[in-house]
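One structure below.
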Amino acid sequence: CATWGNFHFHTFDHVKFTFPGTCTYVFASHCNDSYQDFNIQIRRSDKDSFVIYFTVTIDGVILEVKESGITVNGNKIPMPFSLKSILIEDTCTYFQVTSKLGLTLKWNWADTLLLDLEETYKEKICGLCGNYDGSEKNDLILDGYKMHPRQFGNFHKVEDPSQKCADVSPDDHTGRHPRRKDNRCSIYVSICKKLMSRFGNCPKVVPFDDYVETCTEDMCNCAVNSTHSDLVSSCICSTLNQYSRDCVLRKGDPGEWRTKELCYQECPNNMEYMECGNSCADTCADPERSKICKAPCTDGCFCPPGTILDDLDGKKCIPRDSCPCMFQGKVYPSGGTYSTPCQNCTCKGGHWSCISLPCSGSCHIDGGFHITTFDNKRFNFHGNCHYVLAKNTDDTIVVIGEIIQCGTSKTMTCLKNVLVTLGKTVMHTSCFLLFFLSSLDGITIFRQSTFFTKILSSAGVQIRVQMKPVMQLSITVDHSFQNRTSGLCGNFNNIQTDDFRTATGAVEDSASAFGNSWKTRASCFDVEDSFEDPCSNSVDKEKFAQHWCALLSNTSSVFAACHSVVDPSVYIKKCMYDTCNAEKSEVALCSVLSTYSRDCASAGVSLRGWRQGICGMYPSEECPETMVYNYSVKYCNQSCRSLDEPDLLCKVQIPPMEGCGCPEGTYLNDEEQCVTPEDCPCYYKGKIVQPGNSFQEDKLMCKCIQGRLDCIGETVLVKDCPAPMYYFNCSSAGPGAIGSECQKSCKTQDMHCYVTECVSGCMCPDGLVLDGSGGCIPKDQCPCVHGGHFYKPGETIKVDCNTCTCNKRQWNCTDKPCKGTCTVYGNGHYMSFDGEKFDFLGDCDYILAQDFCPNNMNAGTFRIVIQNNACGKSRSICSLKITLIFESSEIRLLEGRIQEIATDSGAEKNYKVDLRGGYIVIETNQGMNFMWDQKTTVVVHVAPSFQGKVCGLCGDFDGRSRNDFTTRGQSMEMSIQEFGNSWKITSTCSNINMTDPCADQPFKSALGQKHCSIIKSNLFEACHSKVNPIPYYESCVSDFCGCDSVGDCECFCTSVAAYARSCSRAGVCVNWRTPAICPVFCDYYNPPDKHEWFYKPCGASCLRTCRNPQGKCGNLLYSLEGCYPECSPDKPYFDEETRECVSLPSC
């Protein structure tokens, strides 16, 4: 539909009329429907050569174009601008508004307004554009009576209470029916005919006489109102442009009719004006746009053939192979380079070509329980024992860590001791406190600062121990260690998914089962996974944590300089957890902040001044701050240790010396500060217990008060042991004896014994080991262990798609490649094919997955394009619009509708569409399966043959999740935002900054935690050891905050269903829906008086259907929950089309 020039209108059904009204009129609005999607009102300026002003309301967003400027919801906007489903951009020739609802509005900044609608709006339109029902006979009719264009126009006037505006009166001759001749104008007919017959084949394609009529009218009107002699170009360009556009729309070709004198159009930079240019042309930011976007051609400024629009760096046309590239938000010209420790990259025509360099790996143990492996897998493990952190295959390099429970709750764990074996040298934590540089056997130890000790070995290992504020450890090994490490730090093979492989050969599902397998002492208990959220125990701590941890992501804080290099989101989670979890929140907070600044420094960004105002400075050098100068410094009974145990220094006879010492009444602690007794730590079996802190060991629970331990319970001293064990007493055995610390059990018998100190206790006789329940059994009768359970020889378990068999305590596993699964659910929660979990929200359309990728040598077969539709006031997603593009067809999915479009009608259909439970399932012959729950959850499965050959937001499915954030330009980004935005299809669509929806809604957050805790409850207990519930719980809470009140339940149900589905895939079926919690009403499908449909939490076994009468199903990946029919014996087949049970003949 169009309006142009001198009050001319052209409706959707091709009726032309002229209506000279200058009030506000409804141009087009969505009507005859339950909800109005859009409404467009126009007003022509009577002064200024017919300029059009208009107001558009789409999906609750109000755009106003007035003399005073352009506003959205009352605010001025930059361009391009996008909000909810709307994109507003300046395409040079037009001001263009596009909405995902299926509407495009173009305004030429002057007197022309064009509206395109998708077919979904047929017969649902009111206004000057007519009713869009395909018939030109009834556009100007009201209640069966024909109307004059003047009456039709006045009928659509919008009354404005603040301004009176008169209707167009009957004697206004411009409103006359265009068919009536007017003698004064007949002289212009021949000029118009002559002009308009030069437009290629247009006179044959469009109603020629209608346009001649309009043209004549324009010239006539112009002659009356102007003294201009050159009437042609100034008066009728608007009509000629419309004539040309109409011609192109009807597949005609107007040719090049513009000249310097006639309607010439200038274009910026080196672009050219075309009557029919491809509005879906590729650009540098989106080199595949023309393959995905399908739109009719349009007039405007375009790049000349052979060039492409560079929309990354100034809008100009350049040869395709000189497109620039993006990395970390910066634009690099073609030929530009960047290097990171693991690769050197060069920009070649829009994408990076990278050379991988041999790369070292780092493993971190932060805060006593956050472990990051060499392959960058992150997990929490709250141990309570000695564990192998890392060792190489021949045990020449071993790092043992002692992790202990250092607080009242099980989640408060600390790294207490580190034992490092390099060749023949063994080092203990206490060696790290000396201020010196020592070199021995190619090993260098030095203390970098009062906080850090560094150990360097010529074997390619660097170990950094941080002593304050909490003990943390990082181990860096060079590339020669690839595939040669094991322990809690993983196997360093660049594949994250198998980092939980234990010494016995199987891959564990849970962090606790994996961690327990690396303990070196049999006497320690196995620990269990903890899913509690420490912030839920104390409101004050949670507020403190939220306030200070938010500094990490604050774009105006000191930390912002590092955001593009190290994504802060992981650290914020650590920070919240640690700060709430610790007895001393401030220490934990500073420890995480220092970890972030340390990781930034290793990525090349050094942050200065971050401690100011958060974690205070440290004392000056002269006399240490707390000490005073004294002529004779006492040394006997001056330390905190002397408060609880006799001081050995009192036996030493030496004359007193001058120097710095502690003032009267204060004592020296281990950090060489003088403190009052209240601040003195206590000592127990070599442990240091900070003042006011508590610890528990076996049956003893102690608290440190004024330097003395106050204990309840009993110290365990077992002298009598159950047969056949015997008691070993270290004190009577003499120095160097090995006691019960090396007693082996079935679980630890493959561990080497790493002696730290002799421990008295019960031991099994030689040849026997502990069986885990208090007895001794011969070594070779031990079972296999997986997930904390015991298995006898010959028993098998399933790990993903492989089978492991127990044989002599070791697991022998098959090594088949497994299918890849990528899931998107709720408010932008993604799980890639390689298991990387991340959150990304965007308003644009993105490539979720495709096999048109640089590393796929074969021809591509599919693309999946996904578009989020936001709803309500919040930015939360309520539905997805999905397009699947195959070789010869396209499938569009929106709000439960399936639309199949054959792009090549002769080709054979190579996919099938099916409804299973609540899901639409699409399977292709190549092995790509797609499932959609018709709301916000999408699951994509690809066969093993696609390994390494796919790309998009789902990653590349090569087993390494480190490189999952590879952008379309082949660079590896650290920031999820940069990665996600590189896969969008419309490059003008604006980027969104993620915010935490719970931050400013504490009530909603609390309610969300209450509802979402079902995921961590006993209902799902059987699944917890197989699938970690924490990521699902976190996304559930954040979605709960992000949803409008209408969608609360919907958002909550989606997250819980996502966890239940992962459980079902891991082989645990949980029936979690109840009439109160996310009910599913299958009764809706039942025919009257029959009860055939039932809810199945994990799907039904294969149904006998009309399409599949045998009831044979190939590889059903896993069953999908939903409503399924149970057909009676007399009508045993289910007809997918009619969705009812039938007998075979009626199929």
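Everything in the sequence shown is counted per full-length UniProt numbering, starting at 1 for the first residue and increasing by one.
For every residue, glycine included, the Cβ atom is placed at its ideal position computed from N, Cα and C.
Whole-angstrom C-beta distance between residue j and residue i, which should lie under 8 Å
| i | j | result |
| --- | --- | --- |
| residue 529 | residue 517 | Wrong, their Cβ atoms sit about 14 Å apart, outside the cutoff. |
| residue 55 | residue 41 | 5 Å |
| residue 891 | residue 922 | 7 Å |
| residue 58 | residue 531 | Not really, about 44 Å apart at Cβ, beyond 8 Å. |
| residue 853 | residue 951 | 4 Å |
| residue 108 | residue 94 | 6 Å |
| residue 931 | residue 939 | 4 Å |
| residue 527 | residue 374 | Not confirmed; about 23 Å, so no contact. |
| residue 605 | residue 562 | 4 Å |
| residue 588 | residue 367 | 7 Å |
| residue 1090 | residue 1041 | Not quite, the Cβ-Cβ distance comes to about 43 Å (not below 8 Å), so this is no contact. |
| residue 505 | residue 812 | 7 Å |
Counterpart residues of residue i in DSSP-defined beta bridges
| i | result |
| --- | --- |
| residue 211 | Paired residues: none, contrary to the question. |
| residue 928 | 942 |
| residue 784 | 791 |
| residue 857 | Residue 857 is not bridged to any residue. |
| residue 868 | 880 |
| residue 319 | 307 |
| residue 473 | 365, 465 |
Rounded C-alpha distance that separates residue i from residue j
| i | j | result |
| --- | --- | --- |
| residue 597 | residue 607 | 6 Å |
| residue 759 | residue 753 | 13 Å |
| residue 6 | residue 204 | 25 Å |
| residue 960 | residue 821 | 14 Å |
| residue 857 | residue 1075 | 52 Å |
| residue 644 | residue 378 | 41 Å |
| residue 556 | residue 948 | 39 Å |
| residue 859 | residue 946 | 12 Å |
| residue 249 | residue 299 | 10 Å |
| residue 790 | residue 500 | 18 Å |
| residue 209 | residue 79 | 40 Å |
| residue 74 | residue 64 | 8 Å |
| residue 457 | residue 428 | 16 Å |
| residue 1062 | residue 807 | 29 Å |
| residue 206 | residue 1139 | 47 Å |
Buried versus exposed, by CB contacts within 10 Å (16 or more), residue i
| i | result |
| --- | --- |
| residue 574 | buried |
| residue 229 | Residue confidence is low: residue 229 scores 48 on pLDDT, short of 50, so the model does not pin down where it sits. No coordinate-derived value is stated. |
| residue 472 | buried |
| residue 1107 | exposed |
| residue 655 | Reliability of the predicted coordinates at residue 655 is poor, the pLDDT of 46 falling under 50, and the value obtained from them is presented with this limitation in mind. Exposed, by the Cβ-count rule. |
| residue 357 | exposed |
| residue 546 | buried |
| residue 112 | buried |
| residue 958 | buried |
| residue 907 | exposed |
| residue 236 | buried |
Short Cβ contact (7 Å threshold) for residue i with residue j
| i | j | result |
| --- | --- | --- |
| residue 43 | residue 24 | yes |
| residue 954 | residue 841 | no |
| residue 1141 | residue 1125 | yes |
| residue 364 | residue 380 | no |
| residue 1105 | residue 1136 | yes |
| residue 400 | residue 419 | yes |
| residue 215 | residue 239 | yes |
| residue 1026 | residue 1058 | no |
| residue 1071 | residue 1097 | yes |
| residue 707 | residue 680 | yes |
| residue 846 | residue 1054 | no |
| residue 403 | residue 389 | no |
| residue 466 | residue 481 | no |
Closer than 6 Å: residue i CB and nearest the ligand COA heavy atom
| i | result |
| --- | --- |
| residue 494 | Ligands in the displayed structure: none, and consequently the ligand COA is not present. |
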